[in-house]
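A.B. asks: Just add 14 to the spot in the sequence shown (first one is 1) and you have the numbering used here.
Ideal Cβ placement from N, Cα and C applies to all residues, glycine included.
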Amino acid sequence: MGLKVMITGGSGQVGSELVKSLLGNDRIEDVSAPSSEELSLSSRESVFDSVGLMRPDWIIHIGAWTQVDACEDNPEKAFLVNGLGTRFVVQAAEQVGSRVCYLSTDYVFDGTSRRPYREWDQVGPRTVYGASKLAGEMETRPSDLIVRTSWVMGVFGQNMAKTLIRLARAGGTHRFVKDQIGTPTIVSDLVSSLTELFLEGHSGIFHISNSGQTSWYEVARFVFEKLGEDPERILPISTSELSGYKAPRPMYSVLDNCALRGSGLDDLPAWQDSLAGLIAKLAGAD
Ligand SMILES: NC(=O)c1ccc[n+]([C@@H]2O[C@H](COP(=O)([O-])OP(=O)(O)OC[C@H]3O[C@@H](n4cnc5c(N)ncnc54)[C@H](OP(=O)(O)O)[C@@H]3O)[C@@H](O)[C@H]2O)c1
15 MGLKVMITGG
25 SGQVGSELVK
35 SLLGNDRIED
45 VSAPSSEELS
55 LSSRESVFDS
65 VGLMRPDWII
75 HIGAWTQVDA
85 CEDNPEKAFL
95 VNGLGTRFVV
105 QAAEQVGSRV
115 CYLSTDYVFD
125 GTSRRPYREW
135 DQVGPRTVYG
145 ASKLAGEMET
155 RPSDLIVRTS
165 WVMGVFGQNM
175 AKTLIRLARA
185 GGTHRFVKDQ
195 IGTPTIVSDL
205 VSSLTELFLE
215 GHSGIFHISN
225 SGQTSWYEVA
235 RFVFEKLGED
245 PERILPISTS
255 ELSGYKAPRP
265 MYSVLDNCAL
275 RGSGLDDLPA
285 WQDSLAGLIA
295 KLAGAD
């Protein structure tokens, strides 16, 4: 008998690709991805109804309010959806015997580290979004799985890879920050690593991001080069020159996939290799 898997946030950037991938996995018998109307994270009743109906073996809890700047203006909603919503998911899981895999973020850290963050490093979010996602982590049980990732880009939804393709074609010069350091994570890599973790029954906190580290400036130049555009059209700026962002971005949010490697699982490919593949796919699809 295969596993029954329920996904929250199945219409989002990560969720769409996860649903597609799990539907083709022969170890999984049933995949359900209720919409945000069918399973509203801000309603305990709605979460309990959906989970009670399916009684999944695993709930991959990806649904979240992800608008980082908007969260600063509405902490009530951020904590309701990301924190309390996760409590509802975990309580509903407890009632029917499901395990939960919760997708979290590099924003739980304060961004002041000088080396990649390990799973056991002190958290200290500097944004409402980060604090609300950490609140979600705090709602999980020791038997659940928490996966933290960073700078996500994939085929579905809006992301920096798609923005860069649009800017490359629009012409002109574009300014990107050179002093924020992190690691792009390509959704297809994230999905296969996360799937391996939950299928093998792992629990606890895991960091999953592609290997290496870089700045948004370098990412932008890399994408322009891959598209055959002049990378000199990308100009460096510093965070202090940026305006218009309510939520401070972490200056350093590289994640060390320490638990993944230590558990004998494959580390993720270099960000350049996976981003090159994504850009080829996205640019070819236009
Ligand atoms: N994107 C990144 O760079 C990044 C980095 C680190 C971690 N993460 C985490 O990864 C996860 C997936 O991110 P993503 O980029 O795929 O996000 P996304 O594209 O914004 O998708 C969010 C999903 O959550 C659903 N959702 C939002 N509010 C909801 C509510 N009240 N009730 C039920 N569902 C709700 C959305 O449904 P509707 O479309 O119907 O609203 C959508 O399916 C999130 O948990 C995020 O915190 C993302």
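1. Do glutamate 86 and lysine 240 have their C-beta atoms closer together than 7 Å?
2. Would you check if there are 3 or more beta carbon pairs closer than 8 Å linking the stretch 93-104 to the stretch 133-140?
3. By Cβ distance below 7 Å, which residues in the same chain neighbour leucine 213 in space, the five residues on each side in sequence not counted?
4. Quick check on tryptophan 285: does DSSP put it in helix, strand or coil?
5. List the whole-angstrom C-beta distance separating leucine 148 from valine 122, where the pair is believed to meet the contact cut-off of C-beta under 8 Å.
6. Compute every distance between the C-beta of serine 54 and the non-hydrogen atoms of ligand 1, then say whether any falls below 6 Å.
7. Please state the DSSP three-state secondary structure of phenylalanine 123.
8. Alpha carbons only, please: which of Ala273, Asp287 and Ser46 is nearest the one belonging to histidine 221?
9. Taking C-beta to C-beta, are valine 61 and valine 104 nearer than 7 Å?
10. Compare the Cα-Cα distances from glycine 125 to each of Ile195, Val110 and Glu90 and report the closest residue.
11. Where does the unbroken beta strand (DSSP E) through isoleucine 179 begin, and where does it stop?
12. Name the DSSP beta bridge partners of arginine 189, please?
13. Mind checking whether the beta-carbon of glycine 258 lies closer than 6 Å to any heavy atom of ligand 1?
14. If distances are taken between C-alpha atoms only, which option among Arg247, Thr197 and Pro262 comes closest to aspartate 287?
15. In the DSSP output, what is lysine 18 paired with across the bridge?
16. Nearest-angstrom Cα distance between valine 45 and proline 70?
17. Taking the runs of the alpha helix (DSSP H) that are 4 residues or longer, which of them lie wholly in the stretch 47-81?
18. Can you list, in chain order, the residues of its chain with a C-beta nearer than 7 Å to that of alanine 297? Leave out the 5 residues immediately preceding and following it.
19. Under 8 Å by Cβ, that's how I've got alanine 284 and glycine 226 pegged, so tell me the actual separation to the nearest angstrom.
20. Determine the direct distance from the alpha carbon of glutamate 246 to that of arginine 235, and round the result to whole angstroms.
21. Please work out which residues of its chain come closer than 8 Å, Cβ to Cβ, to serine 217, disregarding the five sequence neighbours upstream and downstream, and give them in chain order.
22. For arginine 162, is the classification buried or exposed, using 16 other Cβ atoms within 10 angstroms of its Cβ as the cut-off for buried?
23. Quick one: Cα of arginine 128 to Cα of glutamate 52, how far?
24. Between which residues of its own chain and proline 264 is the CB-CB distance below 6 Å, once the five residues before and five after are set aside?
25. Quick one: give me the first and last residue of the alpha helix (DSSP H) that threonine 209 is part of.
26. Could you please give the first and the last residue of the uninterrupted alpha helix (DSSP H) stretch that includes arginine 162?
27. If we ignore side chains and look at the alpha-carbon of each, how far apart do glycine 99 and threonine 80 end up?
28. I need the boundaries of the alpha helix (DSSP H) containing glycine 278, first residue and last residue.
29. How would you label aspartate 203, buried or exposed, when you count the other beta carbons within 10 angstroms and need 16 or more for buried?
C.D. replies: Per the coordinate set shown:
1. On the sequence shown, position 72 is the one that residue 86 refers to. On the sequence shown, position 226 is the one that residue 240 refers to. For glutamate 86 and lysine 240, no; Cβs fall outside 7 Å.
2. no
3. Here residue 213 refers to the residue found at position 199 when the sequence shown is read from its first residue. Taken in chain order, the residues that qualify are Arg41.
4. Counting from 1 along the sequence shown, the entry for residue 285 is found at position 271. Note: tryptophan 285 maps to helix in three-state DSSP.
5. For the purposes of this step, residue 148 is taken as residue 134 along the sequence shown, with counting starting at 1. For the purposes of this step, residue 122 is taken as residue 108 along the sequence shown, with counting starting at 1. About 5 Å separates the two Cβ atoms, so the contact holds.
6. On the sequence shown, residue 54 is found 40 positions in, with the first residue counted as 1. Taking 6 Å as the cut-off, the C-beta of serine 54 counts as close to a heavy atom of ligand 1.
7. One-based indexing of the sequence shown puts residue 123 at position 109. Phenylalanine 123 falls in the coil class under three-state DSSP.
8. For this step, residue 221 is matched to residue 207 along the sequence shown. Residue Ala273 is the option with its Cα nearest to histidine 221.
9. Along the sequence shown, one-based indexing puts residue 61 at 47. Along the sequence shown, one-based indexing puts residue 104 at 90. With contacts defined by Cβ atoms closer than 7 Å, valine 61 and valine 104 do not form a contacting pair.
10. Here the question's residue 125 lines up with position 111 in the sequence shown. Taking only the C-alpha atoms, the option nearest glycine 125 is Ile195.
11. Taking the sequence shown and counting its residues from 1, the one referred to as residue 179 is at position 165. Counting along the chain, isoleucine 179 falls outside any beta strand (DSSP E), though it belongs to the alpha helix (DSSP H) covering 174-184.
12. Here residue 189 refers to the residue found at position 175 when the sequence shown is read from its first residue. BP columns for arginine 189 point to Leu249.
13. The residue given as residue 258 occupies position 244 in the sequence shown. No.
14. For the purposes of this step, residue 287 is taken as the residue at position 273 of the sequence shown. The shortest CA-to-CA distance from aspartate 287 to any of Arg247, Thr197 and Pro262 is the one to Thr197.
15. Counted from its first residue, the sequence shown places residue 18 at position 4. Note: lysine 18 sits in a beta bridge opposite Asp44.
16. One-based indexing of the sequence shown puts residue 45 at position 31. One-based indexing of the sequence shown puts residue 70 at position 56. Using only the alpha carbons, I get a separation of about 9 Å.
17. 58-68
18. By 1-based counting over the sequence shown, the position of residue 297 is 283. Counting only Cβ-Cβ distances below 7 Å, and skipping sequence neighbours, we find Ile179 and Leu241.
19. Residue numbering aside, residue 284 sits at position 270 when the sequence shown is read from its first letter. Residue numbering aside, residue 226 sits at position 212 when the sequence shown is read from its first letter. Rounded, the Cβ-Cβ distance is 5 Å, consistent with contact.
20. Looking up residue 235 in the sequence shown gives position 221. Looking up residue 246 in the sequence shown gives position 232. Inter-residue distance for arginine 235 and glutamate 246 is about 8 Å (C-alpha atoms, whole angstroms).
21. Taking the sequence shown and counting its residues from 1, the one referred to as residue 217 is at position 203. Correct list, in chain order: Arg113, Pro156, Ser157, Asp158 and Leu159.
22. Here the question's residue 162 lines up with position 148 in the sequence shown. Buried, because 16 or more other Cβ atoms sit within 10 Å of the Cβ of arginine 162.
23. In the sequence shown, residue 128 corresponds to position 114, counting from 1. In the sequence shown, residue 52 corresponds to position 38, counting from 1. Computed Cα separation, rounded: 43 Å.
24. If you number the sequence shown from 1, residue 264 lands on position 250. Once the five neighbours on either side are set aside, the close Cβ partners of proline 264 are Gly125.
25. If you number the sequence shown from 1, residue 209 lands on position 195. Looking at the DSSP string, the run of the alpha helix (DSSP H) that includes threonine 209 is 201-213.
26. The sequence position of residue 162 within the sequence shown is 148, counting from 1. Taken as a continuous stretch (DSSP letters only), arginine 162 belongs to no alpha helix (DSSP H), being part of the beta strand (DSSP E) at 159-163.
27. For this step, residue 99 is matched to residue 85 along the sequence shown. For this step, residue 80 is matched to residue 66 along the sequence shown. Between the alpha carbons of glycine 99 and threonine 80 lies a gap of roughly 13 Å.
28. The residue you call residue 278 lines up with position 264 of the sequence shown. Careful: glycine 278 lies outside any alpha helix (DSSP H) and carries neither H nor E.
29. Indexing the sequence shown from 1 puts residue 203 at position 189. Under this definition aspartate 203 is a buried residue.
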